[in-house]
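Visitor: Keeping their order, the protein sequence lines are chains A and B.
All residue numbers for the first sequence refer to the working numbering, where the first residue is 1 and numbers rise by one.
All residue numbers for the second sequence refer to the working numbering, where the first residue is 121 and numbers rise by one.
Don't be surprised by glycine CBs; every beta carbon is placed ideally from N, CA and C.
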Amino acid sequence: QVQLQESGPGLVKPSQTLSLTCTVSGGSIRSGGYYWSWIRQHPGKGLEWIGNIYYSGSTDYNPSLKSRVTISVDTSKNQLSLKLTSVTAADTAVYYCVRGDSDRGGLDYWGQGTLVTVSS
Amino acid sequence: QTVVTQEPSLTVSPGGTVTLTCASSTGAVTSGYYPNWFQQKPGQAPRALIYSTSNKHFWTPARFSGSLLGGKAALTLSGVQPEDEAEYYCLLYYGGTQLVFGTGTKVTVL
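1. If the criterion is Cβ atoms closer than 9 angstroms, does the pair B:L189 and B:S151 meet it?
2. For a test of the three-state rule: what should DSSP assign to A:D103, helix, strand or coil?
3. Below 6 angstroms CB to CB, which residues in the same chain sit around B:E207 once its five sequence neighbours on both sides are set aside?
4. Does the separation of the CB atoms of B:L195 and B:T131 fall below 9 angstroms?
5. Do you know offhand how far B:N175's Cα is from A:K13's?
6. Taking 9 angstroms as the CB-CB cut-off, is B:Q121 touching chain A?
7. Considering only residues of the same chain and omitting the five flanking positions on each side of A:G33, which have a CB-CB separation below 6 angstroms?
8. For A:P43, would you say it is in contact with chain B, using Cβ-to-Cβ distances shorter than 9 angstroms as the test?
9. Assuming A:I53 and A:S25 make a contact with CB atoms under 8 angstroms, what is their CB distance in whole Å?
10. Relative to chain A, which residues along the stretch 173 to 207 of chain B have a C-beta separation below 8 angstroms, given in chain order?
11. Assuming A:L11 contacts A:L82 under a Cβ cut-off of 8 angstroms, what Cβ separation, rounded to an integer in Å, is found between them?
12. Under a three-way DSSP split, which group does B:R183 fall into?
13. Thinking A:V94 and A:L80 are a contact (beta carbons under 8 angstroms), I'd like their distance in whole angstroms, please.
14. Any idea what DSSP makes of A:R68, helix, strand or coil?
15. I'd like the list of long-range same chain contacts for A:T75, defined as Cβ closer than 7 angstroms, with 5 residues on each side in sequence excluded.
16. Report the three-state DSSP secondary structure of A:S37 (helix, strand or coil).
17. Helix or strand or just coil, what does DSSP make of B:G199?
18. Less than 8 angstroms between C-beta atoms, sequence neighbours within five positions excluded: which residues of the same chain meet that for A:L65?
19. Could you check which residue in B:V123, B:G215 and B:E205 has the C-alpha nearest to that of B:F158?
20. Might you give, ordered along the chain, the residues of its own chain that have their beta carbon closer than 7 angstroms to the beta carbon of A:D108, omitting 5 neighbours on each side?
21. Pull up the distance between the alpha-carbon of A:R68 and that of B:G215, whole angstroms please.
22. Is it buried or exposed for A:D43, if we count other Cβ within 10 angstroms and need 16 for buried?
23. So is B:A168 buried or exposed if we call it buried at 16+ other beta carbons inside 10 Å?
24. Does DSSP put B:G147 in a helix, in a strand, or in coil?
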């Protein structure tokens, strides 16, 4: 069974770059037919899609975050990463990595999430 | 900016049936939006329930079903159990490349 585990600093200073890693186990991150997403949830609020990276290596980002976001994969480590630059308190959230299934048209496996707080 | 709207809250009795809906600010929701549904309990990550309108994951209980209803995506819970009390989110795909989550529905079993 596929498992995803997010990791990274729980506290980031304003104006700095938020960097998170998602380690995938139970399957290859380069398996065809799948893509990988980052999704966040502000405290007590709903879910917000950040972006996707596809088997081809291409990406799609939420227009509201596009100028600050980079999603990439490290196939040698079977990891997915997220970088969000110039963070503010508004970026404080739980960040989830999620697997998407292109053939089925949906998201299936979610990581447990990691809370990132932006504060000086 | 695209907005996907759900009922803020719904209450259902144990054993009853409740239908949640998911509407798009751009117009009628069709199968081309690949509606997904997720359940989230407090302190937990969301769990996928339904993909592509009406398809269940192997872990999805039979009492959950997805459909299109009156230009919206819908999630119906039949024979509701106390453990179904949770927040439910829909997700729509726009152009296959942009994902937008719904505002969420809090379901109370009372």
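Guide: Let's see:
1. One-based indexing of the second sequence puts residue 189 of chain B at position 69. One-based indexing of the second sequence puts residue 151 of chain B at position 31. The answer is no: Cβ separation not under 9 angstroms.
2. Along the first sequence, read from residue 1 onward, the residue named residue 103 of chain A stands at position 103. DSSP places A:D103 in coil when its eight states are reduced to three.
3. In the second sequence, the residue the question calls residue 207 of chain B occupies position 87. Q160, G224 and K226, listed in sequence order.
4. Counting from one through the second sequence, the residue named residue 195 of chain B turns up at place 75. Counting from one through the second sequence, the residue named residue 131 of chain B turns up at place 11. Going by C-beta atoms, B:L195 is not nearer than 9 angstroms to B:T131.
5. Stepping through the second sequence from its first residue, residue 175 of chain B is reached at position 55. Stepping through the first sequence from its first residue, residue 13 of chain A is reached at position 13. In a straight line, the C-alpha of B:N175 is about 42 angstroms away from that of A:K13.
6. For the purposes of this step, residue 121 of chain B is taken as the residue at position 1 of the second sequence. Judged by the 9 angstroms Cβ criterion, B:Q121 is in contact with chain A.
7. As a first step, residue 33 of chain A is located in the first sequence; it is residue number 33 there, counting from the start. If we look at A:G33 and ignore the five residues flanking it on each side, its Cβ neighbours are S102 and D103.
8. Residue numbering aside, residue 43 of chain A sits at position 43 when the first sequence is read from its first letter. Not one chain B Cβ lies under 9 angstroms of A:P43.
9. Taking the first sequence and counting its residues from 1, one reaches residue 53 of chain A at position 53. Taking the first sequence and counting its residues from 1, one reaches residue 25 of chain A at position 25. That belief does not hold up - the Cβ atoms of A:I53 and A:S25 are roughly 18 angstroms apart, past 8 angstroms.
10. N175 and H177
11. In the first sequence, the residue the question calls residue 11 of chain A occupies position 11. In the first sequence, the residue the question calls residue 82 of chain A occupies position 82. In fact, because the Cβ distance is near 16 angstroms, the residues do not count as touching under 8 angstroms.
12. For the purposes of this step, residue 183 of chain B is taken as the residue at position 63 of the second sequence. Three-state DSSP puts B:R183 in coil, outside helix and strand.
13. As a working note, residue 94 of chain A is residue 94 in the first sequence. As a working note, residue 80 of chain A is residue 80 in the first sequence. 16 angstroms between Cβ atoms; not a contact.
14. Here residue 68 of chain A corresponds to residue number 68 of the first sequence, with the count starting at 1. Three-state result, A:R68: helix.
15. Sequence index remark: in the first sequence, residue 75 of chain A carries index 75 (1-based). Once the five neighbours on either side are set aside, the close Cβ partners of A:T75 are I29 and R30.
16. Taking the first sequence and counting its residues from 1, one reaches residue 37 of chain A at position 37. If DSSP states are grouped into helix, strand and coil, A:S37 belongs with the strands.
17. Sequence index remark: in the second sequence, residue 199 of chain B carries index 79 (1-based). Note: B:G199 maps to coil in three-state DSSP.
18. Working through the first sequence from its first residue, we reach residue 65 of chain A at position 65. For A:L65, where only same-chain residues beyond five positions count, the Cβ hits under 8 angstroms are I50, G51 and L84.
19. In the second sequence, the residue the question calls residue 158 of chain B occupies position 38. Selected option, being the one with the closest Cα: B:E205.
20. By one-based count along the first sequence, residue 108 of chain A stands at place 108. The residues are R99 and D101.
21. As a working mapping, residue 68 of chain A is identified with position 68 in the first sequence. As a working mapping, residue 215 of chain B is identified with position 95 in the second sequence. The straight-line gap from Cα to Cα measures roughly 22 angstroms.
22. By 1-based counting over the first sequence, the position of residue 43 of chain A is 43. Reading off the sequence, residue 43 of chain A comes out as Pro, not Asp. Looking at its Cβ environment, which holds fewer than 16 other Cβ atoms inside 10 Å, A:P43 is exposed.
23. Locating residue 168 of chain B in the second sequence gives position 48, counting from the first residue. Classification for B:A168: buried.
24. Counted from its first residue, the second sequence places residue 147 of chain B at position 27. Strand.
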